[in-house]
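I have placed the structure first, in the form of structure tokens, so that the comments after it can refer back to it.
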Amino acid sequence: MEKKITISTPADAKLRKASVPVTGMSCASCAISAESTVSAHPGVASAAVNFATQTLQVSYDPAVVSLADLKKEVQEVGYDLIIDEENAQEKQEEVQHNQYEALKKKTIAAAILTIPVFLIGMFFMDMPYGNWIMMGLSAPVLFYFGRSFFINAYRQATHGKANMDTLVALSTGIAFTFSVFNTLFPEFWHARGVHPHVYFEVASVVIVFIMLGRLLEEKAKSNTSSAIKKLIGLQPKTVWLVEVAQEREVPIAEVRTGDLLLVRAGEKIPVDGEVQQGSSFVDESMISGEPVPVQKQKGDKVFAGTINQKGSLRFYAEKVGSETMLAHIIRMVKEAQGSKAPVQKLVDKVAGIFVPVVISIAILSFAVWIIFGGDSALTQALLALVTVLVIACPCALGLATPTAIMVGVGKGAENGILIKDAESLELAHKVNAIILDKTGTITEGKPEVTNIIWASKVGNRQKNLQTVLLSLELQSEHPLAEAVVRHLKENQVMSLELDSFDSLTGKGVKATLQNATYLAGNQKLLVSEGITLAPELKQQADILRAEAKTVIFFSENKEAVALVAIADQIKSSSATAIRTLQEQGIEVYMLTGDNEQTAASVATQVGVINYQAEVLPSDKADFVKELQKKGRTVAMIGDGINDSHALAQADVSIAMGKGSDIAIDVAKMTLISSDLQQIPKALNLSRQTVRTIKQNLFWAFIYNLIGIPIAAGVLYPFYGFLLDPMIAGAAMALSSVSVVANSLRLKAQRI
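Taking the UniProt record's numbering, the leading residue of the sequence shown gets 1, the next gets one more, and so forth.
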């Protein structure tokens with residue numbers, strides 16, 4: 001069901017945003033080429049091509065340009081866009097699979113032809129007709145199995161661009177052409193007292209090594225997106241549709257909002273919905289990260305991708321297709337994996353000028369060798385030219401950041417941390433100030449009964465009075481009444497029929513039963529009805545209020561018989577998470593719209609020193625700005641609509657997965673389980689990812705900084721060493737694979 005191509009409307013209503021698969025790219029410079037081609041088209045506001053995810057993210061004016069126009073433009077430079085909105089993902093996977101299989105076959109065939117060329121060129125160079133045999137075997141390696149290098153290089157050149165294919169085509173083409181000339185006209189060199197060397201083996205081996213490198217690279221890149229594949233695999237392909245007279249199995253694409261669906265024990269829940277009939281336990285660990293199955297009964301919500309464990313459930317479909325929570329998660333992960341970290345923008349600029357610079361260095365090396373090379377000047381000059389062109393690989397540079405981001409985002413998703421963009425993942429490790437909302441973030445966000453204290457004179461009448469209290473609260477419309485009802489029902493208390501019932505606005509409820517009058521409400525109700533409050537209950541009420549609990553009084557006739565304390569319970573993990581953050585040197589603040597007494601009590605219990613009470617939504621955003629002015633990198637964690645302004649203002653914004661849709665939409669990260677202990681994990685994931693990016697960039701840069709001068713021949717005057725182009729080709733392939741492999745190490749690290 002999930003679509004690979006996603007289109008949305010940005011803030012500017014005239015523009016449309018699309019994430020479109022790109023095919024045909026073979027290196028980081030290809031991504032720069034495709035990106036610049038799209039960016040230059042009239043009507044395109046912005047474009048970014050991610051080489052690792054093979055996607056184009058573009059913002060464009062549909063009145064000026066269409067995706068079909070961009071597809072045609074991109075095709076002219078040798079790439080393609082998949083703009084079929086319904087089946088884009090399947091088509092891209094099919095194209096990539098076909099390309100991988102075709103590349104594998106070409107690589108094997110080219111290697112079979114190259115082995116004898118290599119053996120003759122290295123060990124049997126004087127055998128009769130050796131040069132002719134090598135020329136005959138290497139020609140199909142270059143111009144049939146490796147023809148894509150030359151075709152793509154030509155397309156790039158016609159548009160004034162250059163990429164990795166340009167380097168490969170130039171280096172192997174020059175080596176092959178020089179060798180053909182020496183094979184056909186050896187007397188040209190003999191007349192000048194020079195032996196006519198040939199480099200057929202160099203050209204063939206370089207092509208094979210580069211093809212092998214790309215084969216391994218494609219395989220490794222597919223592993224970095226395994227989190228997406230796992231998430232997509234959570235959704236079943238078919239579903240049982242309940243009709244008037246029967247149950248019918250239908251494809252999931254046919255499900256519509258409001259359909260009544262059946263899911264049996266052991267089956268995956270196909271869409272988001274509300275239980276209409278049945279009771280079961282559902283494993284929601286794939287989405288929430290919580291290992292304990294959750295009981296589901298009539299009225300409870302169920303989510304796509306979770307597994308029904310025990311009984312069967314019938315439920316109404318509420319969100320289907322791309323609207324389900326699972327589809328939302330997949331979409332967020334895809335967009336995050338396709339987004340660019342700030343450091344990647346610098347890398348893109350470097351990769352964009354890299355190829356022209358390398359070609360210039362190669363030409364300069366050739367010229368220097370021609371001038372100062374002595375008797376073998378031309379041969380050495382040619383070798384230096386070819387080797388520089390071969391060893392200079394922008395692929396490692398281009399893969400350094402996106403592969404690490406892909407693995408980091410995927411690892412986050414597997415641990416219940418949804419990351420919307422690469423920038424927040426890169427920035428999170430710098431956070432030194434965290435602002436927490438109280439309700440729903442530090443606390444559960446759901447009132448619970450913590451105490452029921454009975455007057456001592458109630459004695460053995462407590463059970464009967466509990467029945468009356470439940471019957472009273474069952475008819476109350478006050479939100480806190482739900483907490484009382486839930487608590488009493490959990491303790492197996494039964495209700496009964498009251499003689500009369502009356503709701504007293506702003507105070508509580510009143511009822512009569514067998515000539516006795518019962519009240520449940522606040523202290524105003526006691527005063528207005530002249531109810532006596534025993535000293536023991538008054539003292540207990542004061543203690544409970546000091547603990548930031550709401551107190552409900554329950555009376556029989558003219559005397560209070562019980563106190564019910566209700567509080568928004570603090571999450572069991574909040575204090576531990578806050579202490580962990582503080583131990584890491586991070587300043588923790590709590591901002592809440594609640595009263596001072598409640599705020600102080602919660603802050604004390606969880607160990608927060610800095611807090612503010614009775615804070616308005618705009619005040620939260622202003623507080624974020626104040627910390628930012630002081631040089632802090634601020635993370636805001638919230639769950640409600642009132643937090644959205646501050647979330648948008650913060651450097652890193654994190655929403656609770658059980659919070660409001662608006663907060664989740666605004667935030668750059670979402671903690672699905674709403675557990676604050678995920679925050680230190682998210683920061684640690686950022687540290688690991690950034691460390692991996694730096695390692696990748698270091699090796700990519702150091703490889704080129706060392707490899708290119710050696711290839712040009714700087715060591716030759718001192719040590720007589722000149723790098724063989726075949727070794728350069730192998731090193732180039734290895735550099736890309738090593739960068740991807742280093743990124744994959746993130747998968748094994750604990751966060």
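Here a beta-carbon is modelled for each residue, glycine too, at the ideal position from N, C-alpha and C.
Contact annotation: the stretch 617-630 does not touch the stretch 597-607, with fewer than three C-beta pairs closer than 8 Å. Annotation for G530: K558 place their beta carbon closer than 8 Å to its own, counting only its chain and skipping 5 residues before and after.
Contact between the stretch 245-257 and the stretch 268-286 is present, with at least three C-beta pairs closer than 8 Å. For V449, the closest of Q380, K463, L563 by C-alpha to C-alpha distance is L563. Counting along the chain, T467 sits inside no beta strand (DSSP E); it lies in the alpha helix (DSSP H) bounded by residues 462-474. Its chain contains G416, I417, L671 as the residues whose beta carbon lies nearer than 7 Å to that of Q678, once the 5 sequence neighbours on both sides are disregarded; these appear in chain order. Bounds of any beta strand (DSSP E) do not take in A304, whose DSSP letter is neither H nor E. Per DSSP, reduced to three states, the secondary structure at E547 is coil, with no helix or strand assignment. Closest by C-alpha distance to I359, out of A381, T532, A392, is A392. The beta carbons of S148 and V117 sit no closer together than 8 Å. Shortest Cα-Cα distance from K457 to any of D665, I435, P535, F366 involves P535. For the set K301, T306, G373, the Cα lying nearest the Cα of F315 is the one of K301.
Between A565 and A613, the alpha-carbon positions lie close to 22 Å from each other. Sorting I307, D259, L262 by C-alpha distance to the C-alpha of V282 places I307 at the top. Around the C-beta of N515, fewer than 16 other C-beta atoms lie within 10 Å, and the residue is accordingly described as exposed. Boundaries of the alpha helix (DSSP H) harbouring V624: 617-629, taken from the DSSP string. Here V263 carries a strand assignment [DSSP, helix/strand/coil].
For the set F554, F698, A433, E473, the Cα lying nearest the Cα of Q582 is the one of A433. Residues G607 of the same chain have their beta carbon placed closer than 8 Å to that of R579, with the five preceding and five following residues left out of the count.
Contact between S644 and V624 fails: their C-beta atoms lie close to 12 Å from each other, not under 8 Å. Listed as beta-bridge partners of A655 by DSSP are G638, T670. Annotated as distal: K17 and K420, with beta-carbon spacing of 8 Å or more.
Spanning the alpha carbons of F200 and V388 requires a straight line of approximately 17 Å. DSSP places D69 in the uninterrupted alpha helix (DSSP H) bounded by 67-76. Within the DSSP secondary-structure output, I252 pairs in no beta bridge. The three-state secondary structure of A663, taken from DSSP, is helix.
Nearest Cα to E426 within the set Q628, G412, I435, K438: G412.
Per the C-alpha coordinates, the member of S365, P356, T692, V239 positioned closest to G321 is V239.
The alpha helix (DSSP H) runs of length 4 or more contained entirely in the stretch 577-620 are, from start to end of the chain, 596-606.
For E536, the secondary structure class from DSSP, reduced to helix, strand or coil, is helix. Bridge partners of F501 according to DSSP: A511. Per DSSP, the continuous beta strand (DSSP E) segment holding V564 begins and ends at 559-570.
Boundaries of the alpha helix (DSSP H) harbouring A648: 644-649, taken from the DSSP string.
Taking the CA atoms as reference points, L383 sits about 22 Å from A111.
For the pair L70 and S46, the Cα-to-Cα distance works out to about 13 Å. Contact between L81 and V44 fails: their C-beta atoms lie close to 13 Å from each other, not under 8 Å.
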